[in-house]
Every structure is written in structure tokens, then in C-alpha cells.
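Okay, so here's the structure we're looking at.
Numbering (mature numbering (1 follows the signal peptide of the UniProt record, and there is no 0)), first residue to last: -24 to -1, 1 to 128.
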């Protein structure tokens, strides 16, 4: 009888622990560190940190991984205004995203490769391990997506 009771208590404790983990996963947000890969080659190009302040998410470049012959301290020579010729590392290039479940919308994304700013949406995977960023002009139908992987 004691063995049955111990087994039952262990089962209750395990179930409580698993439900806590499931609840934690359900509340995970896009905030954190992400590996951004080139959508054509799959090569990791940068690490990005997404932060949340007052319900608004933004992201800045933490680190770049240049190809051989490229600068390890790139500047945004095609960026407009005050960002022109500024270092890409440290640059806030995405801003204004608001969360609705696992979807984030209403934001903009600056592409330092061409200096253009695009409307954006982000979708966090159910397990919180990947983030799909879609940049577009006008409608998401005409855009480009990247899948980022969370850095743990």
C-alpha cells in the first residue's frame, strides 16, 4: 500500500512538473537571442537580440559572421538618414512589433544590404525554437521570409 501511494505521489509530482513546463512554453515570447541565416545559403550571418519594452518588440544586431574578405566591422553604407555609414553591429534594425499570441505584427525591418525598410511580421513556432520573419512592401503576399533559430 505504501509503494502504491509513493508511486501515485510521484505521478502527481511529475504531472505537475510537466504542466508547469507546458505553461512556461506557452508564455515564451520572441524576446531573446536568435541566429539569423541567409535565406538562400543557410549560412549564419548574424546574431540578433530581440527585446520587449512596454509590449513593443525591437531587435538589434549583436554579432556578424562575415564571409572571407568582408569587413568584420561592417557599416550600413546604403542606409538612409542618421543610420548611413553607422556600424551594423549594435544597430536597431527592426522595431514596432506587437504581440498577438505567437504572431507579431505592425513592425518594420531595415535591410542593411539594400538600405530599404520593409513592413514586417514575425511568427514564433509553438515550441519557441524558431522565428519566421517576413518582410514585405504592401502585402505579405509579396515579400521574403527568413527562419531564425533561438540561441540557448
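Backbone N, C-alpha and C fix where the C-beta goes; we use that ideal spot for every residue, glycine too.
Taking just the CA atoms, how far does residue 98 sit from residue 106?
10 angstroms
Quick one: what does DSSP say residue 121 is sitting in, helix, strand or coil?
strand
Identify every residue that forms a DSSP beta bridge with residue 51.
63
Of the choices 78, 80 and 56, whose alpha-carbon is the least far from that of residue 87?
56
Straight-line CA distance for residue 27 to residue 35?
6 angstroms
Residues near residue 121 by beta carbon distance below 6 angstroms, same chain, minus five either side
108 and 110
What residue from 82, 77 and 92 has the CA that sits closest to residue 60's CA?
92
Based on the DSSP secondary-structure assignment, which residues constitute the bridge partners of residue 71?
84
Cutoff 7 angstroms; reference residue 8; Cβ partners in own chain excluding five residues on either side
26 and 126
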